[in-house]
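Just so you know, the numbering used here puts 59 at position 3 of the sequence shown, and the rest follows in order with no gaps. Every residue gets a Cβ at the ideal spot worked out from N, C-alpha and C, and that includes glycine. In what follows, a structure is listed as structure tokens, so that the remarks can point back to it.
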Amino acid sequence: MTTKLDDASWHSDGEGFPPEAGPEAGATHIGVFLAWAVLGGHVSDDLEEESAEELAALRARELTGGRFVHESCDGKLVTDDLAPDATAFALAYYAGDDEDEDDGGLYLEDYVDSVSPGDGEPEDVYRVPDTWETYDLVGPLIDARFSQWQDEGRPAVLRQRS
Numbered sequence: 057m058t059t060k061l062d063d064a065s066w067h068s069d070g071e072g073f074p075p076e077a078g079p080e081a082g083a084t085h086i087g088v089f090l091a092w093a094v095l096g097g098h099v100s101d102d103l104e105e106e107s108a109e110e111l112a113a114l115r116a117r118e119l120t121g122g123r124f125v126h127e128s129c130d131g132k133l134v135t136d137d138l139a140p141d142a143t144a145f146a147l148a149y150y151a152g153d154d155e156d157e158d159d160g161g162l163y164l165e166d167y168v169d170s171v172s173p174g175d176g177e178p179e180d181v182y183r184v185p186d187t188w189e190t191y192d193l194v195g196p197l198i199d200a201r202f203s204q205w206q207d208e209g210r211p212a213v214l215r216q217r218s
């Protein structure tokens with residue numbers, strides 16, 4: 057069963073999205089996560105087959121994650137694009153707990169903390185550039201969370217360490 061974890065249109069069509077940012081800005085955070093999966097070898101065989109050229113460009117850092125999401129994934133992050141281990145991790149870290157009223161997992165919190173520290177406005181997250189510099193700020197944190205998730209026995213929901 058395919059689960060949609062995120063969709064750029066949920067952000068770009070949502071309340072508080074700065075229209076001057078353009079719809080692509082709703083995909084930057086999605087692209088950072090998917091780029092992490094690609095660079096770490098955590099994508100599905102189907103995605104490898106369907107988007108081989110684009111994935112090669114992403115691995116060579118000639119294509120950004122956000123652009124890849126827009127051009128090759130229709131603006132969406134779905135479980136079918138991830139390998140089984142990355143799917144379980146994404147459900148625990150990216151999606152989080154459905155019963156949690158915060159609407160999502162730790163990933164967005166980590167992303168915001170990494171790219172816009174301080175007291176920025178909530179919509180500032182959509183002004184973060186879709187660049188490899190952005191990825192370089194967030195990617196190591198995703199690696200750390202992946203290790204945490206493995207160390208904790210692959211829990212269904214990843215929570216902050218105490």
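- An exposed status is given to R115, since fewer than 16 other beta-carbon atoms sit within 10 Å of its beta-carbon.
- L133 is bridged by DSSP to D62.
- By DSSP's assignment, V99 forms a beta bridge with L138.
- Between A139 and R210 the beta-carbon gap is near 14 Å, outside 8 Å, which marks them as no contact.
- Separation of L147 and L90 (C-alpha to C-alpha, rounded to the nearest whole angstrom) is 13 Å.
- Bounds of the alpha helix (DSSP H) holding P196 are 188 to 207.
- When secondary structure is reduced to three states using DSSP, V94 falls in the helix class.
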